[in-house]
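First comes the structure, then the notes that go with it.
Residue numbers (the UniProt record's numbering): 1 to 299.
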């Protein structure tokens, strides 16, 4: 059984390369008890990865690195370093190496893409999709079915978002504390994601805001955003569709859906829809802490 294999999980964050190496060294010390790591953490990814392949995989053949893109931000050469060591040692070691990442475009281009140093070395990939509505009962056992519907319409099925709400609190309390509160976890979440994923976030913000306010046809989006060239808007929409932030729907009666002019664009993620409709337009009130006004008058 794959899940019963002894494993270790390395979780990364957006810190410096030196700090990341220190954190990973501490994790290896916890697993191995190698005292030298307390005073002399690994100084490079190559040294750390070689140690894992030489000393750790015999005891723990399943190695999971979570948020791999964060490591690559601090050192863009990491995929090449990993490729080199994998080619040298990966085949001779019975190892399962799982790379995880929440930045979809990065994982597809820099890990799975044909130009990636790691291309051709994977044995499989899994694209994790949002949970379905029926899964909410595992998060909110105390909520009524109606409350779960309301919650799903706001958060969608992203587990990290669902975990921020508590069924010990009312939905109003959860929204105010986690979304409308400027210190809440979800207050700036879409902004952070888009800035990481996209080169021109301001343009994408205007497009997403237009769609959230019901401008769902291409000509309506063009008019609302002030971007004069429809072909440009189409390109931006294509990127958003690739990231699964936006979806395009056409009438079922259309013979050639991809060529249909009757298509409309919708925000695929409920939380993005809520955020662009109710949070972004009222950011000035929320930054000043006037979340009760936004809740009572705008939502």
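Note that the Cβ used here is the ideal one computed from N, Cα and C, for glycine as well.
What you are looking at is a predicted structure, and each value in this text was computed from that prediction instead of being measured.
Sequence-distant residues of its chain with Cβ nearer than 7 Å to residue i (five each side left out)
i	result
residue 74	16, 17 and 20
residue 93	53 and 57
residue 117	79, 80 and 83
residue 153	270
residue 254	260 and 262
Neighbourhood of residue i by C-beta distance below 6 Å, restricted to the same chain and skipping five residues each side
i	result
residue 46	81
residue 78	45, 71 and 72
residue 107	101
residue 213	none
residue 373	Shown here, the chain extends from 1 to 299; a query on residue 373 therefore has no answer.
residue 140	148 and 167
residue 322	No statement about residue 322 is possible, as the shown extent of the chain runs from 1 to 299 and does not include it.
residue 66	11 and 100
residue 274	154
Rounded C-alpha distance that separates residue i from residue j
i	j	result
residue 280	residue 164	20 Å
residue 292	residue 265	31 Å
residue 160	residue 13	15 Å
residue 68	residue 11	8 Å
residue 211	residue 63	41 Å
residue 147	residue 36	53 Å
residue 257	residue 238	15 Å
residue 190	residue 138	25 Å
residue 188	residue 197	14 Å
residue 267	residue 104	17 Å
residue 174	residue 240	28 Å
residue 248	residue 123	32 Å
residue 278	residue 242	25 Å
residue 192	residue 272	12 Å
residue 40	residue 131	42 Å
residue 288	residue 150	27 Å
residue 95	residue 230	50 Å
residue 113	residue 126	14 Å
residue 201	residue 260	28 Å
residue 162	residue 111	28 Å
residue 119	residue 145	45 Å
residue 76	residue 128	24 Å
residue 88	residue 34	24 Å
residue 134	residue 158	13 Å
residue 284	residue 22	39 Å
residue 136	residue 121	36 Å
residue 252	residue 205	29 Å
Expected contact under 8 Å - CB spacing of residue i and residue j to nearest Å
i	j	result
residue 286	residue 182	6 Å
residue 85	residue 49	5 Å
residue 208	residue 276	5 Å
residue 90	residue 270	With a Cβ gap of about 40 Å, residue 90 and residue 270 do not count as contacting.
residue 262	residue 250	6 Å
residue 29	residue 38	6 Å
Contacts around residue i, its chain only, beta-carbon distance under 8 Å, and the 5 residues preceding and following it disregarded
i	result
residue 203	225, 227 and 236
residue 282	294 and 298
residue 8	27, 31, 56, 60, 62, 63 and 64
residue 177	169 and 184
residue 233	207, 218, 221, 222, 225 and 227
residue 180	187, 279, 286, 291, 294 and 295
residue 172	295
residue 51	28 and 42
residue 199	none
residue 195	201
residue 215	221, 223 and 224
residue 109	115 and 116
Residue i CB to nearest heavy atom of the ligand ATP below 6 Å
i	result
residue 52	With respect to small molecules bound, the structure shown includes none, and the ligand ATP cannot be examined in it.
CB contact check: residue i to chain C, cutoff 7 Å
i	result
residue 183	The displayed structure is made up of one protein chain only, and chain C is not part of it.
*Which runs of the alpha helix (DSSP H) fall wholly inside the stretch 65 to 151 and span at least 4 residues, in chain order?*
68 to 74 and 78 to 85
*Hey, which unbroken runs of the alpha helix (DSSP H) at 4 residues or more fall wholly within the stretch 185 to 271?*
189 to 197, 201 to 212, 218 to 225 and 230 to 242
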